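Below: one structure, written as C-alpha cells.
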DNA sequence: CGCCACTTTGAATTAGCTCAAATTCCGTGG
DNA sequence: CCACGGAATTTGAGCTAATTCAAAGTGGCG
C-alpha cells in the first residue's frame, strides 16, 4: 500500500541534517514528565483554573459548540471524535495528562469535534481570552501554548502516516507503542497497561474493523509481543516496548532488507 | 471499514448545537479570499518579509532542520512530506496561497517534515522570534497565527477521517473536492483545474496505490463526475462541484438510506 | 526523434471486511 | 449469593475491494 511520496530523485541527499534522537528513551520520558508537571504548576499559579472532575463518557465540549475555552488535562484519558455532517464518526486523537484540548475551535469560533472522557479524570478550564491576555505579559506562557499546538500538529501527521503506510498488525502494534509511550512520558507504569478503549474504538481510530483489531491483538500475543493479563482482555503486558517498535519497522521492510 | 467511534448511547442528543454552515458556499469563499488578502497585506506591512521564488521540487525546509522561521505562501502549491526513520514517506498536507508553513518545528526546535514546492511560487520568510515580538504589541497578528494553527489541526483531522472512513473512489472524489474548494477560496477558477501531483503522490496522500488512483479517476470520469481535458490527463474539469460532495456522501450511506 | 517518467488497464492475489456463531465478562436484580 | 442479560470479544468462513505484478500506451522534453 505504501507509495513513495517523491518520485523524482531527492535533491537533498547531501545536506539532510541528523534526525533528532528517537523518542522513548528513559531520560527523554523524564524530561517530558517534568515539563508536564511544570506546565501544570505554571497554569495553576497563573490562572487558578476551575477544576472539573469528569467520568467516562462525559463530554468536555462538542462539535458546533461556541468556542471560548481551552482545557488542560490534569488526569484521565480522553478521545477526540470528529463528526462529519454525513454521519461518520472518527476518533482523531487521544489525550492524556498535560495535554490541551480545544485548539480546533479557535479558527472557526466553534469546536469541530467532540472531546470525550474515557475514564475518571480532572480537567482544568481556561478562558481563551484570559489566556491571551496573560500571554502578552508572559512569553513563557505563549511558548507553552504554541508548543502544545505544534505537538498536536506533528502528532496528527504521525497518525495519518501510520494509517496510510502500515498493515493492520503494525498499526495495532504502533498504537500500543504510542499508548505505552504516552504513559511512560507521564511517569506511569508501562509494563502493565489498561486499554481504556473497546476494540471498536481502537478500530475506528486506526481505520480498521473491530474484528481486525481483535485478530491483530491475538497475533501479537501469539508471537509474544504482548501478553493478556486479567480476565477481560483489556489488561495488557508489554514485555519489551522496543520489540514493538522493531516489529513495526520489520513489517515495513518485509524481506531481508538490511539498510546501509 | 467504518466502525462507529462511540458504542454506548450518546448522552448529548438533546443539546447538540447546530453545526456551522457547510463550507464551499460562494460567499464563504469570497470571505476567505478577502481574509487571505488582508492577512498577506498585514504581514507585508508588519514584516516586509524576505520573498523567495521557488520552483517545483524546491525545499522550503526539511526534516530535522533547526527551527527558526515560519513561512507564508503568497503563491504556488506545496506539499508537506513526513519521513519516518524507518524510511517511510507520507504526504501529510497540501498548502496554498495564504497558508503558513513550519508550525511543526515549534515544539521540538526542529522541523518534523519536508516542505516541498510543487510548482513555481513565492514564499515569504518570517523569523519566529520576530513574529512573537510583534505579536505582543498586535493582538490581531497573534489571532491570525492561532487561527492558522487551529485550521491546520482541523484540516488534518479531516484528512484522517477521509482516509479512515471512505472507499478509494470516495477518497479520490473528496480529494478533488478539497483541491477545487481550496482554489475557490483563493479566487481561482475551479471548473478547470490542473493537478500538480502525480498519481503516485495522490495515492500516497490518500493511502492507496497509484493504480487505484488511476482507476478511481477513470471511474469518476466514466460516471461524469469529472472530465479529462488536454492530453496528459492532469487537466480536469469538474462540471458540478456539489455533485462530488454528493458522491462522497452517497458512498458513505450505501443503500437507500434516507436520513430523518 | 527518442528516451523516460507517467498513466492506464488487465489478471491474479490477498489483506482485511462482512457475516455469523460461540464465549466471556460484568453489572443488576432477585 | 447466584441467575440473567447485554455488551464486548474471539474466531471461523467466505467474499470483495484494493493490491501486486505485468504490459502497453502516452506525452513532455532535451
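Chains as they are written, first to last, in my numbering: chain A, 3 to 262; chain B, 3 to 262.
Even for Gly, the Cβ is constructed at its ideal location relative to N, Cα and C.
Model, not experiment: these values are computed from the prediction.
The shortest CA-to-CA distance from residue 59/A to any of 211/A, 213/A, 212/A and 199/A is the one to 199/A.
Take the alpha-carbon of residue 230/B and the one of residue 239/B: they are about 6 Å apart. Here residue 207/B is not near residue 118/B, since their CB atoms are 9 Å or more apart. Closest in alpha carbon position to residue 183/B, among 111/B, 235/B and 242/B, is 242/B. For residue 105/B against residue 155/A, the beta-carbon gap comes to about 5 Å, under 8 Å, which counts as contact.
For residue 41/B and residue 48/B, the gap between their C-alpha atoms comes out near 10 Å. Counting along the chain, residue 211/B sits inside no beta strand (DSSP E), nor does DSSP assign it H or E at all. Residue nearest to residue 80/B within the set 65/B, 211/B, 86/B and 97/B is 97/B (criterion: CA-CA distance). Each residue's CA atom was taken as its position, placing residue 136/B and residue 138/A some 11 Å apart. In the same chain as residue 197/A, and ignoring 5 residues on each side of it, the C-beta atoms closer than 6 Å to its own belong to 236, in chain order.
Taking the Cα positions, residue 33/A is about 49 Å away from residue 249/B. A check of alpha carbon separations from residue 95/B across 112/B, 214/B and 160/B identifies 160/B as the nearest.
In this structure, residue 170/B places its C-beta atom within 9 Å of the C-beta atom of residue 218/B. Using a CB distance cut-off of 9 Å, residue 132/A does not count as an interface residue toward chain B. Secondary structure note for residue 164/A: its alpha helix (DSSP H) is the uninterrupted segment 141–167.
Interface annotation, residue 54/A: not in contact with chain B, CB-CB separation never under 9 Å. Secondary structure note for residue 123/B: its beta strand (DSSP E) is the uninterrupted segment 123–129. Inside the region 190–259 of chain B, DSSP marks whole beta strand (DSSP E) runs of 3 or more residues at positions 194–196 and 237–239, from first to last along the chain. Proximity to residue 69/A across 103/A, 111/A, 36/A and 31/A peaks at 111/A, based on C-alpha coordinates. The beta-carbon separation of residue 127/B and residue 71/B, rounded to 5 Å, stays under the 8 Å limit for a contact. Residues of chain A whose Cβ lies closer than 8 Å to the Cβ of residue 88/B are, in chain order, 250, 251, 254 and 255. Between the C-alpha atoms of residue 66/B and residue 113/B there is a straight-line separation of about 5 Å.
Taking 9 Å as the cut-off, the beta carbon of residue 76/B is found closer than this to the beta carbon of residue 99/B. For residue 30/A, none of the residues of chain B pass the 9 Å Cβ criterion, the least Cβ distance being about 11 Å. Short of 7 Å from the beta carbon of residue 189/B, and not among the five residues preceding or following it, lie these beta carbons of its own chain, in chain order: 35.
In the DSSP annotation of this structure, the continuous segment of the beta strand (DSSP E) that includes residue 77/B starts and ends at 71–77. Our two residues, residue 177/B and residue 132/A, have alpha carbons roughly 38 Å apart in a direct line.
Here residue 130/A is not near residue 103/A, since their CB atoms are 9 Å or more apart. Close to residue 39/B, with beta-carbon spacing below 7 Å, lies no residue of chain A; the smallest spacing is near 18 Å. Not one beta carbon of chain B lies nearer than 9 Å to the beta carbon of residue 169/A. Here the alpha carbon of residue 234/A sits roughly 52 Å from the alpha carbon of residue 143/B.
Any Cβ of chain B closer than 9 Å to the Cβ of residue 207/A would place that residue at the interface, and such an atom is present. With respect to the 9 Å criterion, residue 255/B and residue 227/B are not classified as neighbours on the basis of their beta carbons. Taking 9 Å as the threshold, the shortest C-beta distance from residue 108/B to chain A falls below it.
Counting only the Cα atoms, residue 253/A lies some 36 Å from residue 122/A. One alpha carbon belongs to residue 180/A, the other to residue 247/A, and they sit about 10 Å apart.
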